[in-house]
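Student:
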Amino acid sequence: MEKQNHALATVLMMAAIESAKQGMAQGQSPFGCAISVGGQIISVSHNRVVQDTDITAHAEINAIREACQKVTNIFLTDAIVASTCEPCPMCMAALHWARVKEVYYGASISDAAQAGFNELQLSAADLVKQGQSSVILIPDFMKKECTELFDLWVSSAQKQVY
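Under my numbering, the residues of the sequence shown are numbered 100 to 261, in order.
#1: For C245, which three-state DSSP category applies?
#2: Does D153 pass the burial test, meaning 16 or more other C-beta atoms within 10 Å, or should it be called exposed?
#3: Within the same chain, show all residues whose beta-carbon is closer than 8 angstroms to that of L219, passing over the 5 residues directly before and after it, in chain order.
#4: Which class does L111 belong to by DSSP, given the choice of helix, strand or coil?
#5: Could you tell me which uninterrupted alpha helix (DSSP H) segments, each at least 4 residues in length, are contained entirely in the stretch 144-175, listed from first to last along the chain?
#6: Can you tell me the Cα-Cα spacing of A106 and A178, whole angstroms?
#7: Quick one: residues in its chain with C-beta nearer than 8 angstroms to the C-beta of I160, no 5 flanking neighbours on either side, listed in chain order?
#8: Tell me, please, whether the stretch 198-218 touches the stretch 144-151 by the rule of three or more beta-carbon pairs shorter than 8 angstroms.
#9: Grouping DSSP H, G and I as helix and E and B as strand, with all else coil, what is E185?
#10: Drop a sphere of 10 angstroms on the beta-carbon of I235, count the other beta-carbons inside from all chains shown, and report buried for 16 or more, exposed for fewer.
#11: Is G131 helix, strand or coil when you go by DSSP?
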């Protein structure tokens, strides 16, 4: 089962990275997220904070909303999630409340802060531990590919820091 989840997480992360790149091409920030339930990808999204004039329109939140609509349930029990960056406290709380099983992420909150984002320095792992969440975190997954998104974004003339 673990190898199967790892293979699925690779496919999910590639979709999340591609979505982040599509978002950046539209003037958005370098974050993407993909969600799978029952081995099927049900949601892929990127940040739309600037586009939607909504500070909560993070990739994970957008992907959770879409996934919940598709399964017609507020819970995404047993969902596998891939996020290009470590979930911020808001996104980690939403992933917990949606009852996802596993979250694979590439870049860290520190990587996002180095790229200029106004990050709260509270790790997803600390939130999971302090909140006694059952969400399993798998950090540094495809980290190189995910941190390269920040390099692309930093060099972009379209970038908007928030």
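By construction, the Cβ of each residue, glycine as well, lies at the ideal position given by its N, Cα and C atoms.
Tutor: Taking the coordinates as given:
#1: helix
#2: Residue burial is scored here from C-beta neighbours: D153 has fewer than 16 other C-beta atoms within 10 angstroms and is therefore classed as exposed.
#3: C187, P188 and I208
#4: helix
#5: Runs found: 148-151 and 158-170.
#6: Here the alpha carbons of A178 and A106 stand approximately 14 angstroms from one another.
#7: M189, C190 and A193
#8: Counting Cβ pairs under 8 angstroms, fewer than three are found: no touch.
#9: coil
#10: exposed
#11: strand
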